[in-house]
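Take a look at the structure set out below.
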Amino acid sequence: METPTLRGPAQDKTLSYLAPCLCLLLALLPCVAVSNNPHRPYNLTWQVTDFSTHEVLDKTSKIAPIGTWFPDLYFNLDKIAKIDDMEGREWRKQARRVSVSRNGFYACPGFRTGEMKKTCGGIDALFCASWSCITTNDGEWKWATKPWYITMSFVQRCTRTRYSKTCNLVRIKFEDAAKSDNRWISGLTWGLYLYQKPLYGIPIQIKLIVNPITAPVAVGPNQVLSETGKPLAPASREPQPRAPKSTSPPLISTSSKYTPSAQNATRGPLDLGIGDRLINLIKGSYFALNQTKPEFTSSCWLCLATGPPYYEGIASTNNFTNSANPTGCAWEQQRKLTLAEVSGSGTCIGQVPPSHQHLCNVTLTVPSSNHYLVPSETDWWACNTGLTPCVSTAVFSSGTHYCVLVQVVPRVYYHSGDSFDLRYEQKTHTRPKREPISLTLAVMLGIGVAAGVRTGTAALVHGNHHLQQLRVAIDEDLRAIEQSITKLEESLTSLSEVVLQNRRGLEIVFLKEGGLCAALKEQCCFYADHSGVVKDSMAKLRERLDKRKKERESQQNWFENWYNRSPWFSTLISTILGPLILLTLILTFGPCILNRLLTLIKNRLNIVHAMVLTQQYQTLRTEEEAQD
20 METPTLRGPA QDKTLSYLAP CLCLLLALLP CVAVSNNPHR PYNLTWQVTD FSTHEVLDKT
80 SKIAPIGTWF PDLYFNLDKI AKIDDMEGRE WRKQARRVSV SRNGFYACPG FRTGEMKKTC
140 GGIDALFCAS WSCITTNDGE WKWATKPWYI TMSFVQRCTR TRYSKTCNLV RIKFEDAAKS
200 DNRWISGLTW GLYLYQKPLY GIPIQIKLIV NPITAPVAVG PNQVLSETGK PLAPASREPQ
260 PRAPKSTSPP LISTSSKYTP SAQNATRGPL DLGIGDRLIN LIKGSYFALN QTKPEFTSSC
320 WLCLATGPPY YEGIASTNNF TNSANPTGCA WEQQRKLTLA EVSGSGTCIG QVPPSHQHLC
380 NVTLTVPSSN HYLVPSETDW WACNTGLTPC VSTAVFSSGT HYCVLVQVVP RVYYHSGDSF
440 DLRYEQKTHT RPKREPISLT LAVMLGIGVA AGVRTGTAAL VHGNHHLQQL RVAIDEDLRA
500 IEQSITKLEE SLTSLSEVVL QNRRGLEIVF LKEGGLCAAL KEQCCFYADH SGVVKDSMAK
560 LRERLDKRKK ERESQQNWFE NWYNRSPWFS TLISTILGPL ILLTLILTFG PCILNRLLTL
620 IKNRLNIVHA MVLTQQYQTL RTEEEAQD
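Here my numbering runs 19 ahead of the position in the sequence shown, where the first position is 1.
Printed below as a string of structure tokens:
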């Protein structure tokens, strides 16, 4: 790898060989701030899951640019028909496979809008409340439909002579219209029914998972964080006190007109409580996402996880200053944090070990003289000694230190409004529920998968006030985390950071118990739409669920509403309705049928009686016949 050497430093002098490129990129910034290089390859994974249990039915991966790879996907109908759960001999399972293949299936999309959304219903009807909702089907009963995004068909149907476990494979093929939709990253859902009795059906989700080609690695002194699992249950722990006030200036300014010295003189940190600090992270994330991707914020949930990592580092190639004056750095900001996940490719300095060299787009050889490398106000140095706002070149003389220039992004998860509501509506599951796959803020902003690309990070680095609010929230939260670690420094550094995850988990539990957020697995979720972030998210969730319930009830007939009254009422009706209808029919039509039957029998008896009487007599000859 090429290792250029830093030139002799000067006061506030940038790297000379980067200046022309930076000027060109800054000039083009308004045009490409929210776009990514369409030729850049990523690790793409197409996945088919059972939406109710999150069981993976099929997945396939490939390294390719986004929007260029739409492979055929496959899943087995045996899982839907529950053939493996059948009791009895093998021939019963084989007969069931042949029956499933003969009768076939049909599917309906779950992302309709307008009147068709009301017509097709919700997940309780698997979006197939009307026959007009069906867009794809197969089997002996196959009929013509208009495909929408995908078509499903049997690879080769089961027969009486071919009934192996793989004979009910279904192929999913993408239509051309599907290749221009960007909602695959958040996932699209279909309801699928088997066209036979009993009427088995499941919701399936097709999703595109986008990851960097190289997996994220931990950069910092504490390698224990990369080995820890979920935090311990925080319910039995006592609440921690609030972090005390800090006299240090913010690391990221809220306006580009402020200089470092002006920040020290004019701006002090806010003493935020636990709830305010975490909600500010959500608000900042929302404003950043709303400006760059407004189509995703019309109805969504933004979630904080109780387990680490709470932040992720995106390797950056931004400019930094090589200065001889140490006053340009906020040295009182002693960051002791380890970034458990750093991805992308950016600028590195020092002796980078082989396990981390994939993070380096360019590795700079540090001169032996003592100077200071000051990144931009939005970047950090992630070093093997921890996260720091500046580095001194004298430290690298030992040859064991290294740093990566990174941008710090909070670990905030994104869920669409409909998918979140559907998960709350599912009360029972036939299989153990799997962990849902969530999108992070870095991916939604387009920088998690485009790490190291200037055009990808520009949306967060050089945004307006909406993006600056996220930077301020990050600064406040990092300061609180740092102060927590400082209080725990009497123990081992590794233990300090591992215990920290339980503190964050406890903070989020307070938000859940206070009704400020809704719980989804290990995440604390806040509802957001184009009006902003809703603090009372549990009330908002109840309101949305009640609204969906009323919409379903309005679509039901009067007799269907009977079954929603109470469990005993529906059981009673189901028990007596059949005999009651039969008795009513007998009382209504029974007398008429009985009279008709008696009349018919009486007529037949009269005919027989007349025939018997006529056989006992002979016809007399008339006078004319006698004369003849």
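Just so it is clear, CB atoms sit at the ideal spot from N, CA and C, and this is done for glycine as well. All figures in this text were calculated on a predicted structure; none of them were measured in a lab.
Please list, in chain order, all residues of the same chain as residue i whose beta carbon is under 7 angstroms from its beta carbon, the five residues on each side excluded.
i, result
"Leu489", "Gly303, Ser304, Phe306 and Ala307"
"Asp69", "Leu76, Ile221 and Ile223"
"Tyr212", "Phe124, Tyr125, Leu145, Cys147, Leu218 and Gly220"
"Thr178", "Val117"
"Arg563", "Asp440"
"Ile389", "Correcting the residue type first, residue 389 is Asn in the shown sequence and not Ile. Counting only Cβ-Cβ distances below 7 angstroms, and skipping sequence neighbours, we find Ser411, Thr412 and Ala413."
Which class does residue i belong to by DSSP, given the choice of helix, strand or coil?
i, result
"Arg131", "coil"
"Ala343", "coil"
"Asp496", "helix"
"Ala307", "helix"
"Gln634", "coil"
"Ile225", "strand"
"Gly326", "coil"
"Val371", "coil"
"Pro313", "helix"
"Leu383", "strand"
"Leu460", "helix"
"Gln215", "coil"
"Cys611", "helix"
"Glu570", "helix"
"His434", "strand"
"Glu360", "strand"
"Asn622", "helix"
"Gly597", "helix"
"Gly365", "strand"
"Ile232", "coil"
"Glu194", "coil"
"Gly206", "coil"
Go through its chain and collect everything with a Cβ distance to residue i's Cβ below 8 angstroms, but skip five positions before and after it.
i, result
"Leu358", "Ala237, Val238, Gly239, Pro328, Tyr330, Glu331, Gly332, Ala401, Leu406, Val425 and Val427"
"Ile232", "Pro60, Tyr61, Asn62 and Ile82"
"Lys165", "Thr154"
"Phe94", "Val67, Leu76, Asp77, Leu188, Val189, Ile191 and Ile223"
"Thr185", "Asn95"
"Arg181", "Gln175"
"Cys611", "none"
Buried or exposed: which applies to residue i, given that a residue is buried once 16 or more other Cβ atoms fall within 10 Å of its Cβ?
i, result
"His628", "exposed"
"Thr132", "exposed"
"Gln282", "Residue placement at Gln282 is flagged as unreliable, the pLDDT there being 34, under the threshold of 50; the coordinate-derived value follows with that caveat. Flag for Gln282 reads buried."
"Met630", "exposed"
"Trp399", "buried"
"Phe173", "buried"
"Gln542", "buried"
"Gln634", "exposed"
"Leu383", "buried"
"Gln175", "exposed"
"Ala196", "exposed"
"Ile600", "exposed"
"Gly158", "buried"
"Ser387", "exposed"
"Trp65", "buried"
"Thr316", "buried"
"Gly365", "buried"
"Arg430", "buried"
"Ser199", "exposed"
"Glu314", "exposed"
Apart from the five residues on each side of it in sequence, which residues of its chain come closer than 6 angstroms, Cβ to Cβ, to residue i?
i, result
"Thr192", "The amino acid occupying residue 192 in the given sequence is Lys; Thr does not appear at that position. Excluding residues within five positions, the ones whose Cβ falls inside 6 angstroms are Asp91 and Thr170."
"Asn337", "Ser395 and Asp398"
"Cys409", "Cys348, Tyr391 and Val393"
"Trp203", "Leu227"
"Phe130", "Leu207"
"Gln370", "Gly418 and Tyr421"
Under 7 angstroms from any heavy atom of the ligand FAD, does the C-beta of residue i make it?
i, result
"Cys402", "Among the components of this structure there are no ligands whatsoever, and the ligand FAD is therefore not found."
- request: Let me know the alpha helix (DSSP H) ranges lying completely inside the region 132-190, each 4 residues or longer, listed in chain order.
  value: As far as the region 132-190 is concerned, its whole alpha helix (DSSP H) runs of at least 4 residues are 134-139.
message: Tell me whether the region 79-86 and the region 127-141 touch, counting them as touching only if at least three CB pairs, one residue from each stretch, are closer than 8 angstroms.
response: no
Uninterrupted alpha helix (DSSP H) stretches inside the region 396-421 (no shorter than 4 residues): none
- prompt: Can you list the alpha helix (DSSP H) stretches of 4 or more residues lying completely in the region 54-125, in chain order?
  reply: 97-100 and 109-122
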